[in-house]
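Chemist:
This is the structure we're talking about:
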């Protein structure tokens, strides 16, 4: 039997050698922390502290602004200095609670619990109160994801350890160094869905992680490690579900509609910490990498630190970067400043040197069909980009433009260097905004 995979995809140079052997290192929080109220999909969090208040590490400083929202917790002890508007890694503006770090790390008391003692409702409440969101990209509140309309229909819990995005190695290090926490977190989720099977999904370029996970999970008959073919974007939700289960979902469906829940390995560890230790989400692992970085590393970073401080912990830049990206090169967002806070979805800082950045201007399409061949959504990127550039909404919809997952494969293989993904993405945003308006 062949390795689990999907149709299409690409094999870019992964760049992971820069940081894959660097163990996770905790770094100290800076003098001031900036906690965004918009670290997730859904309503912004609402501050529950005021200027001059003293806060402790682990204390809730903002409550969820609705059901699809998540609270925010202090990662240090100190004094609230006020609320400022700041740019986020994606370029949007958000309110941020500013806390001056007193260096004391005074911490709240946490309520530990055994898995046997927790009911499904108590697990979901702990996850909600901990402010956990999807840490693999989108930032969807985890307590909402784990409360689908028909929970009895969920038969797969997929832990996403593919980490197919080039350069990123934070998930790899997490699986290698803390496999027991991933298994424990999956067991917590499986208690919420007693009929489901747990699958830890890892690409075959990580045989050491596969061995570690199999060893940790061997005593649990409900958990299986699935080996995936190494290919981008194997970790994309739709591609992962198809590879493991053979089920297809489209843009109008949720994974739960196909009987699946998908969570990133970092998210599953956060679930473990919240349910069993009572700890809120206060930090995450980030890869700082790229040829422009002096010492590429994997850091455990307190939320609210500035990206510049994280880069400084990696020795700074050894040369002026041509491009700095929040996340990876395929699906990350270019940054114009490092004076932005680390949020729950900040997976990496990629500082690319001149030889890593293509500067070739786009030329006319030569109708080679490469973009169609690699598209994992099995749509026609070249035609969709044309419709988008001409503002033809009717044809864009007719050719299934909303099914694009914005993985970037089409732009990557285009010999004419056309920004196909960018054109399609812009049109999708316009269409989604119109739908929202009604």
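Residue numbers (the working numbering): -9 to 428. For every residue, glycine included, the Cβ atom is placed at its ideal position computed from N, Cα and C. As the structure is a prediction and not an experimental result, all values here were calculated from the model.
(1) May I ask you to report which of helix, strand or coil DSSP gives residue 77?
(2) Name the DSSP bridge partner or partners of residue 143?
(3) Please go through the same chain and pick out, in chain order, the residues whose beta-carbon is closer than 8 Å to the beta-carbon of residue 83, but skip the five residues on each side of it.
(4) Check the C-beta distance from residue 324 over to residue 307 and give it rounded, since I have them as a contact under 8 Å.
(5) Quick test of your reading: residue 48 and residue 30, contact by CB under 8 Å. State the CB separation rounded to the nearest angstrom.
(6) Can you name the residues that DSSP bridges to residue 297?
(7) Beta strand (DSSP E) containing residue 277: first to last residue?
(8) Kindly indicate which three-state DSSP category residue 24 falls into: helix, strand or coil?
(9) What residues in its chain sit with their C-beta under 6 Å from that of residue 188, if we drop five residues either side in the sequence?
(10) If you count every other CB in all the chains shown that lies within 10 Å of the CB of residue 345, and 16 or more means buried, which is it?
(11) Distance, Cα to Cα, residue 244 vs residue 386?
(12) In terms of residues, what are the limits of the alpha helix (DSSP H) holding residue 262?
(13) Using the C-alpha atoms, what's the distance from residue 292 back to residue 286?
(14) For residue -3, tell me which candidate among 222, 164, 355 has the shortest Cα-Cα distance.
(15) Look at the alpha carbon of residue 349 and the alpha carbon of residue 314, and state the distance between them as a whole number of angstroms.
(16) Using the Cα positions of residue 335 and residue 255, report the straight-line distance between them to the nearest angstrom.
(17) Cβ atoms of residue 218 and residue 191: under 7 Å apart, would you say?
(18) So residue 178 packs on residue 290, CB below 8 Å; how close in whole Å?
(19) Could you give the uninterrupted runs of the alpha helix (DSSP H) lying entirely in the region 298 to 364, keeping only those of 4 residues or more?
(20) At the level of alpha carbons, what is the spacing between residue 167 and residue 173?
(21) Residues bridged to residue 210 by DSSP?
(22) In or out: residue 232 buried (at least 16 other Cβ within 10 Å) or exposed?
(23) Starting from the Cα of residue 111, find the closest Cα among 100, 128, 133 and give me that residue.
(24) In the structure shown, what three-state DSSP assignment does residue 116 receive?
(25) Is there contact between the region 223 to 242 and the region 133 to 142, where contact requires at least three CB pairs shorter than 8 Å?
(26) Have a look at the DSSP bridge pairing and note the partners of residue 44.
(27) Where does the unbroken alpha helix (DSSP H) through residue 233 begin, and where does it stop?
(28) Looking at C-alpha atoms only, which residue of 341, 395, 184 is the closest neighbour of residue 367?
(29) Considering only C-alpha positions, which residue in the set 22, 61, 274, 269 is nearest to residue 329?
(30) Give the range of the alpha helix (DSSP H) segment to which residue 378 is assigned.
(31) Let me check understanding here. Comparing Cα to Cα, which of 273, 392, 340 lies closest to residue 14?
(32) At a cut of 8 Å, does the region 390 to 410 reach the region 349 to 363 through at least three beta carbon pairs?
(33) Quick one: residues in its chain with C-beta nearer than 7 Å to the C-beta of residue 36, no 5 flanking neighbours on either side, listed in chain order?
Modeler: So, from the data block:
(1) On the chain shown, residue 77 is found 87 positions in, with the first residue counted as 1. Residue state, collapsed to three classes: strand.
(2) Your numbering for residue 143 matches position 153 in the chain shown. According to DSSP, residue 143 bridges with nothing at all.
(3) In the chain shown, counting from the first residue as 1, residue 83 sits at position 93. 75, 76, 77.
(4) Taking the first residue of the chain shown as position 1, residue 324 is located at position 334. Taking the first residue of the chain shown as position 1, residue 307 is located at position 317. Not a contact, Cβ separation roughly 16 Å.
(5) The residue given as residue 48 occupies position 58 in the chain shown. The residue given as residue 30 occupies position 40 in the chain shown. Actually they are not in contact, since the Cβ atoms of residue 48 and residue 30 sit about 19 Å apart, beyond 8 Å.
(6) Position 307 of the chain shown, counting from 1, holds the residue named residue 297. The partner list for residue 297 (beta bridge, DSSP) is empty, contrary to what the question assumes.
(7) To locate residue 277, count along the chain shown from 1; it is residue 287. 273 to 279 is the extent of the beta strand (DSSP E) around residue 277.
(8) Position 34 of the chain shown, counted from the first residue, corresponds to residue 24. If DSSP states are grouped into helix, strand and coil, residue 24 belongs with the strands.
(9) Within the chain shown, numbered from 1, the residue matching residue 188 stands at position 198. So the list reads 147, 176, 180, 212, 213, once near-sequence residues are dropped.
(10) Taking the first residue of the chain shown as 1, we reach residue 345 at position 355. So residue 345 ends up on the exposed side.
(11) Translated into the one-based positions of the chain shown, residue 244 becomes position 254. Translated into the one-based positions of the chain shown, residue 386 becomes position 396. Cα-Cα distance, rounded: 22 Å.
(12) Your numbering for residue 262 matches position 272 in the chain shown. Segment 255 to 262, the alpha helix (DSSP H) holding residue 262.
(13) Position 296 of the chain shown, counted from the start, is the residue given in the question as residue 286. Position 302 of the chain shown, counted from the start, is the residue given in the question as residue 292. Going by the C-alpha atoms only, they are around 18 Å apart.
(14) As a first step, residue -3 must be located in the chain shown, where it is residue number 7. Nearest option by C-alpha distance: 222.
(15) Here residue 349 is taken as the residue at index 359 of the chain shown, counted from 1. Here residue 314 is taken as the residue at index 324 of the chain shown, counted from 1. If you take the alpha carbons of residue 349 and residue 314, they lie about 15 Å apart.
(16) Residue numbering aside, residue 335 sits at position 345 when the chain shown is read from its first letter. Residue numbering aside, residue 255 sits at position 265 when the chain shown is read from its first letter. About 13 Å.
(17) For the purposes of this step, residue 191 is taken as residue 201 along the chain shown, with counting starting at 1. For the purposes of this step, residue 218 is taken as residue 228 along the chain shown, with counting starting at 1. Yes; because the gap between Cβ atoms is below 7 Å, this pair is in contact.
(18) Counted from its first residue, the chain shown places residue 178 at position 188. Counted from its first residue, the chain shown places residue 290 at position 300. Actually they do not touch by this definition, with Cβ atoms about 21 Å apart.
(19) 360 to 364
(20) By one-based count along the chain shown, residue 167 stands at place 177. By one-based count along the chain shown, residue 173 stands at place 183. Straight-line Cα distance between these residues: approximately 12 Å.
(21) Residue mapping note: residue 210 aligns to position 220 of the chain shown, counting from 1. DSSP output for residue 210 lists no bridge partner at all.
(22) Mapped onto the chain shown, residue 232 falls at position 242. Buried, since its Cβ has 16 or more Cβ neighbours within 10 Å.
(23) Residue 111 sits at position 121 when you count from the first residue of the chain shown. Nearest C-alpha to residue 111: 133.
(24) What you label residue 116 is simply residue 126 of the chain shown in a count that begins at 1. Residue 116: helix per DSSP, three-state reduction.
(25) no
(26) Mapped onto the chain shown, residue 44 falls at position 54. DSSP output for residue 44 lists 69 as bridge partner(s).
(27) Translated into positions along the chain shown, residue 233 becomes position 243. From DSSP, the alpha helix (DSSP H) with residue 233 extends over 227 to 235.
(28) Position 377 of the chain shown, counting from 1, holds the residue named residue 367. Closest by alpha carbon: 395.
(29) In the chain shown, counting from the first residue as 1, residue 329 sits at position 339. Of the candidates 22, 61, 274, 269, the one whose C-alpha sits nearest the C-alpha of residue 329 is 22.
(30) Taking the chain shown and counting its residues from 1, one reaches residue 378 at position 388. Element bounds for residue 378: 371 to 379.
(31) Taking the first residue of the chain shown as position 1, residue 14 is located at position 24. Checking every option, the nearest Cα to that of residue 14 belongs to 273.
(32) yes
(33) For this step, residue 36 is matched to residue 46 along the chain shown. Counting only Cβ-Cβ distances below 7 Å, and skipping sequence neighbours, we find 52, 53, 55.
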